[in-house]
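Worksheet for the structure shown next.
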Amino acid sequence: MIESADLDFIRTQFREVEGWCLDDAAYLTCCLLNCQAAEGLSSSLLEIGVYKGKYLSVLFQKARRKSQPLVGIDTFQWSNQDEVLQTFTRLLGSTDGLRLVTASSLDFTVESLLDLLGGRKPSFISVDGDHSAGAVRSDLYLVQDVLGEGGVIALDDFLNPRAIGVSEGAYRYFLASDNLPLRPFAFCANKLFIADRKYHELYRRAIATLVSEMPELPMVKEFLRMQKMGQGYVEQELLGSKVLIF
């Protein structure tokens, strides 16, 4: 489900944050974060690639209410770190619990990233940094080793024709090993959501609850419309895993 505070945020303050993130991705992210909270899986949060903070704002409005630390890493070549913080302060009152770091994710090791996170393995990681194939593959290898138990990775711009390196990097990562436990379970508004296979059913149930209990949500209405045309329009196999499509 999605909490009323999440809905209010997405319909109001979220609109005032510059950047790239579609409403549907924000809704599904909140659904998954709520599922983690209900199951006792919540920990720190991490975003690689902040830009102007659009998607980060979704994570932060959730993190601040759940007392989860949030770290954002970006080179800030195309945006300004201080402006992101000022926007968050104006819209959300403070930036307590948020740490922005000017750096490239390619410069981190697993150990240095965990140190930055205070030793807490994140329960949710957004990968939206350098969109070249090599960098995406590198980021996925990096975050797989810091992701907490039951954690989710949201890979942005998967299948986006304006960022074709992302898909190549993702496929190179996943196809390197058939034994890799991480596999996608949902695709929504340019974001591929990934988790350990053994948690797929948990997140699928959370999404099923969202669909059944919030039929008037635009993304759910479209999902149900497509589902009537055939299950194959809303669920397909990708990399050996069933993926729900929004």
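The sequence shown begins at 10 in our numbering and counts up one residue at a time.
For glycine and all other residues, C-beta sits at the position ideal for the given N, C-alpha and C.
- The shortest C-alpha to C-alpha distance from Asn188 to any of Gly143, Glu210, Asp165 and Gly249 is the one to Gly249.
- When DSSP states are grouped into helix, strand and coil, Asp124 belongs to the helix group.
- Here the alpha carbons of Glu244 and Gln77 stand approximately 32 Å from one another.
- Judged by their CB atoms, Gly178 and Asp137 are not nearer to each other than the 9 Å cut-off.
- A distance below 9 Å separates the beta carbons of Phe167 and Lys200.
- Counting only runs of 3 or more residues that sit fully inside the stretch 69-130, the beta strand (DSSP E) segments are 79-83 and 107-111, in chain order.
- Per DSSP, the continuous beta strand (DSSP E) segment holding Ser250 begins and ends at Ser250 to Ile254.
- With contacts defined by Cβ atoms closer than 9 Å, Leu37 and Ala198 form a contacting pair.
- A direct Cα-to-Cα measurement between Ala14 and Ala195 gives close to 23 Å.
- Secondary structure note for Leu54: its beta strand (DSSP E) is the uninterrupted segment Leu54 to Ile57.
- Across the structure, Phe255 and Asn43 are spaced so that their CA atoms are roughly 18 Å apart.
- With the rule of 3 Cβ pairs closer than 8 Å, the stretch 142-162 counts as touching the stretch 202-210.
- Runs of the beta strand (DSSP E) lying entirely within the stretch 170-222, each at least 3 residues long, are 191-197 and 200-205 in chain order.
- Excluding five sequence positions before and after Glu246, the CB atoms of its chain that fall closer than 8 Å to its own CB belong to Val252, given in chain order.
- Distance from the CA atom of Tyr212 to the CA atom of Leu41, rounded to whole angstroms, is 7 Å.
- Around the beta carbon of Gln95, a 10 Å sphere encloses fewer than 16 other beta carbons of the protein chains shown; the residue is thus reported as exposed.
- For Val229, the enclosing alpha helix (DSSP H) begins and ends at Pro227 to Met238.
- The C-alpha of Tyr182 lies about 15 Å from the C-alpha of Asp165.
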